[in-house]
Amino acid sequence: MAWHIDDEAIARVNAHFDELAVHASAAAPVGAKPHSERSAEGAESKDPSRAPGLLIVDELGRLEIWRGGGLTSAMALLAQGPTPVFPHALAVVRDYLLDDTEARLAEAWPDRCRISPDDAGRAVILSACEFGA
Numbered sequence: 295m296a297w298h299i300d301d302e303a304i305a306r307v308n309a310h311f312d313e314l315a316v317h318a319s320a321a322a323p324v325g326a327k328p329h330s331e332r333s334a335e336g337a338e339s340k341d342p343s344r345a346p347g348l349l350i351v352d353e354l355g356r357l358e359i360w361r362g363g364g365l366t367s368a369m370a371l372l373a374q375g376p377t378p379v380f381p382h383a384l385a386v387v388r389d390y391l392l393d394d395t396e397a398r399l400a401e402a403w404p405d406r407c408r409i410s411p412d413d414a415g416r417a418v419i420l421s422a423c424e425f426g427a
């Protein structure tokens, strides 16, 4: 069974990632706390002086990986690699697309790792974002 996502919905999500790309390319605001001084609560804050730290894309599918469509702005943002605002990214990808996705993003994210939705994966994310395990 194939999914159909309304074009307007995809456009809204792409617009959101376009806004994130502008934020990621801008210099960190004056007075922003360094990444190591933020907390999990701060990362979720609407306070513009705190950078999110973790870019999450949920989910990349066949349309993005094999056809170059869908969440094109998310793929473009991921293709930029780490930025001061988003030094880490978590892209949710189905297992049969992992190799192709990794190949597309390998140059931008040379220190990538695959994780699963389990305690070990959770620990990797918390450690990378310096939130503690």
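The sequence shown runs contiguously to residue 427 in the numbering used here. The C-beta atom is built at its ideal place from N, Cα and C for all residues, glycine as well. Quantities reported herein were computed from a predicted structural model and do not represent experimental measurements.
Counted within 10 angstroms of its Cβ, other Cβ atoms place residue i as buried (16 or more) or exposed
{"i": "V316", "result": "exposed"}
{"i": "S319", "result": "exposed"}
{"i": "I299", "result": "exposed"}
Inter-residue spacing [alpha-carbon to alpha-carbon] between residue i and residue j
{"i": "L314", "j": "V379", "result": "9 angstroms"}
{"i": "L357", "j": "G363", "result": "5 angstroms"}
{"i": "E353", "j": "A417", "result": "21 angstroms"}
{"i": "E424", "j": "P376", "result": "16 angstroms"}
{"i": "L420", "j": "D413", "result": "10 angstroms"}
{"i": "E302", "j": "V351", "result": "18 angstroms"}
{"i": "S410", "j": "Q374", "result": "24 angstroms"}
{"i": "R408", "j": "L392", "result": "9 angstroms"}
{"i": "R398", "j": "P404", "result": "11 angstroms"}
{"i": "A422", "j": "R306", "result": "29 angstroms"}
CB-CB length for residue i against residue j, believed under 8 angstroms
{"i": "E396", "j": "R388", "result": "Going by Cβ atoms, the distance from E396 to R388 rounds to 13 angstroms, so no, they are not a contact pair."}
{"i": "L372", "j": "A385", "result": "6 angstroms"}
{"i": "P381", "j": "G347", "result": "6 angstroms"}
{"i": "I304", "j": "L365", "result": "7 angstroms"}
Three-state secondary structure assigned by DSSP to residue i
{"i": "D405", "result": "coil"}
{"i": "V418", "result": "helix"}
{"i": "R361", "result": "coil"}
{"i": "I299", "result": "coil"}
{"i": "A307", "result": "Reading off the sequence, residue 307 comes out as Val, not Ala. V307: helix per DSSP, three-state reduction."}
Bridge partner(s) assigned by DSSP for residue i
{"i": "I350", "result": "L384"}
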